[in-house]
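Number 340 in our numbering belongs to position 338 of the sequence shown; there are no gaps in the numbering. A virtual CB, placed ideally from N, CA and C, is assigned to each residue, including glycine. Structure, as structure tokens:
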Amino acid sequence: MAESGSRRSPVKALLDQGREGQQVSVEGWVRTRRGSKECTFLEINDGSCLANLQVVVDAQHEQFAIAEQATTGSSVIVTGTLVSSPGKGQRVELQAGSIDLLQAADGDYPIQKKRHSFEYLRSIAHLRVRSNTFGAVARVRSVLFFAVHEFFQQRGFVYLQAPMITASDAEGAGDMFQVTTLEPQSGEAVDWSKDFFGKKVNLTVSGQLEAELFAHAFHDIYTFGPTFRAENSNTSRHAAEFWMCEPEIGFADLDDNRRLAEDFLRFFIQAGLERCPEDLAFFDQRIEQGLLAKLNKILESDFETITYTEAVRLLEASGENFEFPVSWGHDLQSEHERYLTEKKIGRPTFVVDYPKEIKAFYMRLNDDGKTVAAMDLLVPGVGEIVGGSQREERMDHLQARMKEFGVPEDEYWWYLDLRRYGSVPHSGFGIGFERVLMYITGLSNIRDVIPFPRTPGNVAF
Ligand code: ATP
């Protein structure tokens, strides 16, 4: 049963395929210990799945006293024989042969067999991965991380590792963290030419501009990497460090872009449902009732597309008492996005063609001269999950927009070069990995889908 190159038998493999009479060795941590005069039961978890393997130690066993010291959180290696289990919900259990108690956890182990609040678990992020919820999140995260690459690699996209240190602010996509080796000098104006790079630099807020460069050589590309935004917003949907995937497709318009985003989201959900059924069933039961139905519905239903102008009309006619008033020319707020996708339309919705004033300079101007070919994908429960656009490929239009936005041409000479040497229509979008994870797990706070979240005032672990 031990997998090649490994001594151990993962609990998942034993529970799924273990045979009665099989000699196995399990390495893990004790989730609970309970017992009677006749025997002790140890529930062992090794992170390979949600379920534990039950180990039975008879009172006559020469190591019975050791088993009794194996408190919750202790690390153990148990070697023994698989037998069929009379217990409910498990096919097999392990009749202990030898028990190696590597370390008996202190009695104040912070994760006990009861429901702890998410707030409390965040304060012990070094141990919360050993809880059911965060174990499941970590496994789903790992599987879906791979699925991102799989989706694009299967379609022949080239993976660009966009730089994390950059001198561009990517059109002001978000507030930036500065990177410097200069010592702070109070009162004096900073001379950035003396800094490490000879200029002001920051951590990337988006790899999009670099992605556009690559799309002009490889047609279809994607980035997937850490992204940093110093937004002091402290919401449940924003982290200072998160993972963003940014595909960019050459010779493509907004419709191609929409189709790609839709295919990607479906693939992602399908991958989660197929590869993490046990963990998703757990989320369905414990975190968001109806989660599986919601995800399956997405696979079946067509995504809706409405223009920004239609969206404003729907919101104005809604009769809802929004905190932020709705009017054409203003950005949609979270409450508006959620009304549209949750109450009015009831399924994922692309909102396209936003007023040019509220979107970035690089988005392609539509023929009406008032809107740009932007698209946001809104999903029930989360709101915006994807932001993208068709990019402006016409040099004169781009220059005019840069002027309007005060974007200096000399700093973006390399970006403008693309429109000089073989310009093509191209489109792309950014999708926040954690936002999709929130959607798929039903967890409502981004801090609970990132192993070690970085948010304003919090950089623990
Ligand atoms: P929002 O309006 O939610 O702040 P945004 O308009 O700033 O998002 P974009 O710049 O379009 O977002 O970024 C693309 C995607 O990256 C978003 O749709 C979202 O999924 C994700 N994203 C953006 N900011 C954050 C953040 N601080 N934490 C986690 N994910 C984020």
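What is the DSSP secondary structure of Tyr-224, counted as helix, strand or coil?
Three-state DSSP puts Tyr-224 in a strand.
I need the straight-line Cα distance from Phe-352 to Ala-376, nearest angstrom please.
In a straight line, the C-alpha of Phe-352 is about 10 Å away from that of Ala-376.
Who are the near neighbours of Phe-198 in its chain, counting only those whose CB is closer than 6 Å to its CB and skipping five residues on each side?
Correct list, in chain order: Thr-183.
For the structure I just gave you, are there three or more beta carbon pairs, one from the stretch 307 to 322 and one from the stretch 341 to 360, closer than 8 Å?
The stretch 307 to 322, when compared against the stretch 341 to 360, does touch it at the 8 Å Cβ threshold.
Between which two residues does the beta strand (DSSP E) holding Asn-204 run?
It spans 203 to 205 - the beta strand (DSSP E) in which Asn-204 sits, taken as one unbroken run.
Between Ile-387 and Lys-405, what straight-line distance do the alpha-carbon atoms span, to the nearest angstrom?
Each residue's alpha carbon lies about 30 Å from the other.
Please determine, among Glu-214, Gly-200 and Ala-191, the residue with the shortest C-alpha to C-alpha distance to Gln-163.
Nearest option by C-alpha distance: Glu-214.
Should Tyr-122 be labelled buried (16 or more other beta-carbon atoms within 10 Å of its own) or exposed?
It counts as exposed.
Identify whether Ile-126 lies in helix, strand or coil by the three-state DSSP scheme.
Here Ile-126 sits in coil by DSSP.
Can you grab the Cα-Cα spacing for the pair Ala-263 / Glu-411, in whole Å?
Looking at the two C-alpha atoms, the distance is approximately 31 Å.
Between the alpha carbons of Leu-301 and Trp-245, how many angstroms are there, rounded?
C-alpha separation (whole angstroms): 24 Å.
Would you mind sorting Trp-31 into buried or exposed? The rule is 16 or more other CB atoms within 10 Å of its CB.
It counts as buried.
According to DSSP, which residues form a beta bridge with Ala-376?
Note: Ala-376 sits in a beta bridge opposite Ser-391.
Where does Asp-355 fall in DSSP's three states?
Correct three-state label for Asp-355: strand.
Could you check where the beta strand (DSSP E) with Arg-35 kicks off and where it finishes?
25 to 37 is the extent of the beta strand (DSSP E) around Arg-35.
Taking three-plus beta-carbon pairs below 8 Å as touching, is the stretch 363 to 376 in contact with the stretch 389 to 401?
The stretch 363 to 376 is in contact with the stretch 389 to 401.
Could you work out which residue in Ser-336, Asp-378 and Leu-342 is closest to Gly-355 when comparing CA atoms only?
At residue 355 the sequence reads Asp, which differs from the Gly that was named. Nearest option by C-alpha distance: Asp-378.
Whose C-alpha, out of Ala-72, Ser-208, Arg-437 and Arg-422, is nearest the C-alpha of Gly-227?
Cα-wise, what sits closest to Gly-227 is Ser-208.
Within this structure, are the beta carbons of Ala-53 and Leu-17 separated by less than 9 Å?
Yes, they are a contact pair.
Taking C-beta to C-beta, are Ile-101 and Gln-65 nearer than 9 Å?
In contact: Ile-101 and Gln-65 (Cβ atoms closer than 9 Å).
Taking C-alpha atoms, which residue in Ile-360, Phe-266, Gly-292 and Thr-343 lies nearest to Ser-329?
Out of Ile-360, Phe-266, Gly-292 and Thr-343, Ile-360 has the C-alpha closest to the C-alpha of Ser-329.
I need the straight-line Cα distance from Thr-34 to Gly-49, nearest angstrom please.
Between Thr-34 and Gly-49, the C-alpha separation is close to 15 Å.
If we ignore side chains and look at the alpha-carbon of each, how far apart do Ile-442 and Glu-290 end up?
C-alpha separation (whole angstroms): 10 Å.
Please specify which runs of the alpha helix (DSSP H), each continuous and at least 4 residues long, are wholly inside the stretch 426 to 452, giving them in chain order.
Listed in chain order, the complete alpha helix (DSSP H) runs (minimum 4 residues) inside the stretch 426 to 452 are 435 to 443.
Under DSSP, the beta strand (DSSP E) around Val-80 begins and ends at which residues?
Here the beta strand (DSSP E) through Val-80 covers 77 to 86.
Measuring from the CB of Ile-126, is there a heavy atom of the ligand ATP at a distance below 8 Å?
Ile-126: no, Cβ never under 8 Å from the ligand ATP.
As a quick exercise: from Gly-75, Phe-431, Glu-40 and Asp-450, pick the residue whose alpha carbon is nearest that of Asn-259.
Cα-wise, what sits closest to Asn-259 is Phe-431.
At a cut-off of 8 Å, is Ile-387 close to the ligand ATP when judged by its beta-carbon and the heavy atoms of the ligand?
Within the cutoff, so yes.
Starting from Asp-60, trace the beta strand (DSSP E) in both directions and tell me its first and last residue.
That run of the beta strand (DSSP E) goes 55 to 60.
Can you give the beta carbon distance from Ile-251 to His-428, rounded, assuming they're within the 8 Å contact cut?
Indeed, because the Cβ distance is near 6 Å, the residues count as touching under 8 Å.
Where do the N-terminal and C-terminal ends of the alpha helix (DSSP H) with Pro-279 fall, by residue?
Pro-279 -> alpha helix (DSSP H) spans 279 to 288.
Where does Asp-419 fall in DSSP's three states?
If DSSP states are grouped into helix, strand and coil, Asp-419 belongs with the helices.
Comparing C-alpha positions only, which one of Arg-456, Gly-424, Gly-75 and Ser-425 sits nearest to Glu-436?
With distances taken between Cα atoms, Glu-436 lies closest to Arg-456.
What's the gap between the Cα of Gly-274 and the Cα of Val-57?
Answer to the nearest angstrom: the Cα atoms are 30 Å apart.
Among the residues of its own chain, which have a CB less than 6 Å from the CB of Phe-326, if the five just before and after it don't count?
Cβ within range, chain order: Gln-335.
Pick helix, strand or coil for Asp-18, following the three-state DSSP scheme.
Looking at Asp-18 - three-state DSSP - the assignment turns out to be helix.
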